[in-house]
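Asker:
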Amino acid sequence: MKSALAFLLVWLSAPAAALSGEPPASSLSVSAELTLHSDYRFRGISLSDRKPAFQADVALEHDSGFYAGLWSSTLSETEGGAKMEADPYIGYYTEIAGGFSADFTLSYYDYPSDSGLNYAEATAVFAYAAGPLSPRLELNYAPRQAALVGEDGRRGDNFYASAGLDYALPGAPVTLIAQAGYERGVYDYRANGGKTDWSLGLRMDQGPAKIGLTYIDTDLSVRNADGRQLAGPALLASLALAL
């Protein structure tokens, strides 16, 4: 898969190199990050039965702004029968002007042990950097497809929007992070539609390591087969290492 992604990005850069008349230079970079979470929360809902989860992200990036990668995570055995999630993605990032940026991604949520859960989703993130403040708006949409089945047993689509604000503390390697999201569709866990989630936390950067502490909650009550609450308030910890 990595070789195919590399070929795609090289192909995208070929026209620019040909027009410039200059010999092509290496403009690809690879990044990777490993993360340990005390609980894998996805839009406020625990996908690891409120147990620790290990995640990995490998990305291939091109100077033009195009990128592709693979993100993966361990899951609970009760998450639809899937024990692992492996999501390939492609995208494009661009800095517009005056601190504004846009990031467009197409992701495929893949569950190797239960392909009936697989689905695709498009994401757009618009951000603005203003000194220590970085507000952002994220929009996610998954069109109607086989895996998107609501509580009523019918197929449908799913929409999720979130707004966030990061504040980098002056003179300290600490960033405060606040976010609130709204979801409507087959994954909102409600017959009448609509759920919200919110979080407030901090991240400390120490070289290649990132330490996070986040309080998260939703307006839902979701329980697993054993009756354990998966959507209640929680204090989460994480440790990430960039390679």
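For the sequence shown, UniProt numbering assigns the number 1 to the initial residue and increments by one for each residue that follows. Ideal Cβ positions, reconstructed from N, Cα and C, are used throughout, including at glycine. Here the structure is a predicted model, which means the values were calculated and not measured.
#1: Is it right to say Arg50 is buried, meaning 16 or more other beta carbons lie within 10 angstroms of its own, or is it exposed?
#2: Which residues in the same chain have their Cβ closer than 7 Å to the Cβ of Arg154, if we skip the five residues on either side of it in sequence?
#3: Assuming Asp110 and Ala142 are in contact, meaning their beta carbons sit under 8 Å apart, how far apart are those beta carbons, in whole angstroms?
#4: I'd like to check one pair, Ala120 with Tyr108: are the Cβ atoms closer than 8 Å?
#5: Measure the alpha-carbon distance for Ala209 versus Gly98 and round it to whole angstroms.
#6: Can you give the Cα-Cα distance for Ala147 and Pro88, rounded to whole angstroms?
#7: What residues in its chain sit with their C-beta under 6 Å from that of Ala242, if we drop five residues either side in the sequence?
#8: Straight-line CA distance for Leu36 to Thr175?
#9: Applying the 10 Å Cβ sphere with the 16-neighbour rule, what's the burial state of Asp219?
Answerer: This is what the structure holds:
#1: The residue given as residue 50 occupies position 50 in the sequence shown. Under this definition Arg50 is a buried residue.
#2: One-based indexing of the sequence shown puts residue 154 at position 154. Contacts found: none.
#3: Indexing the sequence shown from 1 puts residue 110 at position 110. Indexing the sequence shown from 1 puts residue 142 at position 142. Between the beta-carbon of Asp110 and that of Ala142 there is about 14 Å, and that puts the pair past the 8 Å contact cut.
#4: Numbered from its first residue, the sequence shown carries residue 108 at position 108. Numbered from its first residue, the sequence shown carries residue 120 at position 120. If you check the CB distance, Tyr108 and Ala120 come in under 8 Å.
#5: Residue 209 sits at position 209 when you count from the first residue of the sequence shown. Residue 98 sits at position 98 when you count from the first residue of the sequence shown. Those two C-alpha atoms are separated by around 29 Å.
#6: By 1-based counting over the sequence shown, the position of residue 147 is 147. By 1-based counting over the sequence shown, the position of residue 88 is 88. If you take the alpha carbons of Ala147 and Pro88, they lie about 17 Å apart.
#7: The count along the sequence shown starts at 1 and reaches residue 242 at position 242. If we look at Ala242 and ignore the five residues flanking it on each side, its Cβ neighbours are Glu33, Pro208.
#8: Translated into positions along the sequence shown, residue 36 becomes position 36. Translated into positions along the sequence shown, residue 175 becomes position 175. Rounded to whole angstroms, Leu36 to Thr175 spans 19 Å at the Cα level.
#9: Within the sequence shown, residue 219 is the residue found at index 219, counting from 1. Label assigned to Asp219: exposed.
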